[in-house]
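Taking it in order: structure first as structure tokens, then the write-up.
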Ligand code: PEP
Ligand code: MN
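Have a look at this one:
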């Protein structure tokens, strides 16, 4: 069901046609929508294809900021003003209908839910008659056979985009065990589009840029990068791993060069 489909689209555009860059804040701060708006505008200017923004967040501790339903409106407004597709992580079943109503283009299934068959089935059922919605299926957080990850995507019942993001146990000093090279295997075994997340793999802004370049060299179709206009003011992962929109702007021509070189 999820095999060898190179036709997967985001908002009508075939992902593998050209380098596909998604960028945006890890976490939208419901109390400070201006930061998210500024970040997203700067990223559009940098040339990204889609905007990401965390409305609901999987946090290690329940005492950390968990996100807010109201941030969905903030990202929906940004979609309208920038005319770019938006990517939001879905963590719980009740969020599916809200995200559909808000016009979310890409449902991210995060690393903590990639093997949550119930959630995957619910997403599949609710978007069954909505071909315009795409699923970005992240690699599970803990090391496992990649067939587990690939097989879990079948629960969605449609072709997904696979998203390597590193895994645990980590290499000391990195946030996770970097896995940009897994694209080689995915391309051989699955063939669906691969969008690599160097931000969660590396967890450090200076390393994120290098990993982004390496990921493209390994043949992935695009990247999802955490970026924030003012990282110290951010929430979630933004203070520690987001790169600036101007860094994204500088990076894109280099990524394009490598993308062309390996194709
Ligand atoms: C995120 O994209 O902000 C996130 C929490 O990702 P992951 O599920 O890969 O940890
Ligand atoms: Mn994050």
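Numbering (the numbering used here), first residue to last: 8 to 270.
We treat Cβ as the ideally placed atom computed from N, Cα and C, and that holds for glycine.
Residue of the options minimising C-alpha distance to residue i
i           : options            : result
residue 20  : 171, 230, 92, 87   : 92
residue 46  : 247, 267, 233, 262 : 233
residue 74  : 68, 61, 83, 217    : 61
residue 79  : 64, 217, 69, 70    : 64
residue 28  : 256, 231, 66, 112  : 231
residue 122 : 162, 244, 23       : 162
residue 205 : 194, 190, 198, 199 : 190
residue 82  : 240, 33, 215       : 33
residue 95  : 128, 89, 30, 158   : 30
residue 213 : 177, 192, 12, 255  : 255
residue 223 : 176, 188, 69, 114  : 188
residue 118 : 241, 268, 159, 24  : 159
residue 67  : 244, 90, 110, 180  : 244
residue 13  : 196, 247, 259      : 196
C-alpha distance - residue i paired with residue j, whole-angstrom precision
i           : j           : result
residue 126 : residue 143 : 13 Å
residue 171 : residue 38  : 31 Å
residue 209 : residue 87  : 32 Å
residue 270 : residue 229 : 13 Å
residue 265 : residue 156 : 28 Å
residue 36  : residue 186 : 29 Å
residue 58  : residue 202 : 14 Å
residue 42  : residue 52  : 15 Å
residue 56  : residue 71  : 30 Å
residue 221 : residue 215 : 10 Å
residue 249 : residue 211 : 8 Å
residue 114 : residue 184 : 24 Å
residue 235 : residue 178 : 26 Å
residue 338 : residue 239 : With the chain running from 8 to 270 in the structure shown, residue 338 is simply not present.
Cβ separation of residue i and residue j, assumed to be a contact under 8 Å, to the nearest whole Å
i           : j           : result
residue 97  : residue 116 : 7 Å
residue 168 : residue 141 : 6 Å
residue 26  : residue 262 : 6 Å
residue 17  : residue 166 : The pair is not a contact, with the Cβ atoms about 12 Å apart (cut-off 8 Å).
residue 194 : residue 226 : 6 Å
Using the beta-carbon of each residue, find all residues closer than 5 Å to any heavy atom of the ligand MN and list them in chain order. 33, 244
Per the contact definition of three or more C-beta pairs closer than 8 Å, is the stretch 93-103 in contact with the stretch 127-134? Below 8 Å, enough C-beta pairs join the stretch 127-134 and the stretch 93-103 to call them touching: three or more.
Do the stretch 147-155 and the stretch 166-181 make contact, defined as three or more Cβ pairs closer than 8 Å? yes
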